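Here the working numbering is used: the first residue of the sequence shown is 1, the next is one more, and so on.
Heads up, the beta-carbon is just placed ideally off N, CA and C, and yes, glycines get one too.
Quick caveat: nothing in here was measured; it's all calculated off a predicted structure.
To start, the structure under review is shown below, and the notes come after it.
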Amino acid sequence: MEVLTLVFSLVAATAGIVLWRLEWLKTPQQVWRVRRHLVPPVPVSESGPAQPGRVDVRVHPDGRDTVYSVVCTLRGASVVGGRRPRTRRNRCSPDSEPLHLALVLPQPDPADLWVEVTWVTFRPSLHHGERINVHTGEFLRWRWSWWSLRLGRRPGEGWSSVRPYRTRGRWIHHSARPMALIPDQA
Numbered sequence: 001m002e003v004l005t006l007v008f009s010l011v012a013a014t015a016g017i018v019l020w021r022l023e024w025l026k027t028p029q030q031v032w033r034v035r036r037h038l039v040p041p042v043p044v045s046e047s048g049p050a051q052p053g054r055v056d057v058r059v060h061p062d063g064r065d066t067v068y069s070v071v072c073t074l075r076g077a078s079v080v081g082g083r084r085p086r087t088r089r090n091r092c093s094p095d096s097e098p099l100h101l102a103l104v105l106p107q108p109d110p111a112d113l114w115v116e117v118t119w120v121t122f123r124p125s126l127h128h129g130e131r132i133n134v135h136t137g138e139f140l141r142w143r144w145s146w147w148s149l150r151l152g153r154r155p156g157e158g159w160s161s162v163r164p165y166r167t168r169g170r171w172i173h174h175s176a177r178p179m180a181l182i183p184d185q186a
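Here's what the structure looks like:
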């Protein structure tokens with residue numbers, strides 16, 4: 001009887017570990033809808049001085065789950081200046097207001113302007129990231145490197161806080177497009 005109990009407990013432990021690993025391999029179910037509005041620069045005229053161009057980007061959350069620590073950033077060579085425009089929200093659900101970014105541009109329609117959205121899910125506890133080029137619609141997804149998995153603990157805490165974490169990853173081209181560009185309204 002004790003051998004049978006031991007076998008069943010080993011099978012249950014193995015099944016639990018397998019299900020836990022499968023939970024970590026799930027792809028994010030969050031979808032982001034990106035709307036951009038370009039305002040071309042106004043040259044010097046009799047009515048007034050020249051005005052630079054501007055781009056307004058709105059990122060709408062559109063998924064089933066609530067996500068946390070959402071950061072939306074504009075990236076690219078056309079983003080001039082010391083600080084990149086970014087907005088942050090601690091909690092984002094499907095009925096949340098869109099994240100809004102505005103940027104003054106030297107060119108009317110830059111080909112290298114990327115919208116980057118990063119977020120955290122709690123079940124499983126993972127960081128996710130997606131980028132979309134607002135001009136071409138090219139889509140990138142952040143992929144963590146498996147060989148960068150390390151064990152570590154938080155500073156100042158005991159051995160009870162030891163957990164696995166990843167240190168490296170890269171942006172890869174992705175064929176599926178969970179982020180989608182919404183066309184400008186005419």
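Practice prompt. Report the rounded CA-to-CA distance for Arg36 versus Cys92, giving the unit in angstroms.
Written response: 20 Å
Worksheet item: Among Ser161, Val134 and Ser47, which has the Cα closest to the Cα of Val117?
Response: Val134
Worksheet item: Ends of the beta strand (DSSP E) at Gly53?
Response: Gly53 to Pro61
Fill in: Local Cβ density within 10 Å of Val162, reported as buried at 16 or more and exposed below that
exposed
Practice prompt. Please name the residue, chosen from Trp32, Val57 and Val31, that lies closest to Val39 on a Cα-to-Cα basis.
Written response: Val57
Worksheet item: What residue range is occupied by the uninterrupted beta strand (DSSP E) comprising His135?
Response: Per DSSP, His135 belongs to no beta strand (DSSP E) and is neither H nor E.
Item to complete: Can you grab the Cα-Cα spacing for the pair Val3 / Trp119, in whole Å?
Response: 46 Å
Item to complete: Report buried or exposed for Trp114, applying the criterion of at least 16 other Cβ atoms within 10 angstroms of its Cβ.
Response: buried
Practice prompt. Grab me the residues of Asp63's own chain with a C-beta within less than 7 Å of its C-beta, minus the 5 sequence neighbours each way, in chain order.
Written response: Sequence inspection shows Gly at residue 63; the Asp mentioned does not correspond to that position. Correct list, in chain order: Gln29, Gln30, Val31 and Pro94.
Practice prompt. Identify whether Gly152 lies in helix, strand or coil by the three-state DSSP scheme.
Written response: strand
Fill in: Per DSSP, cross-strand counterpart(s) of His100
Arg58
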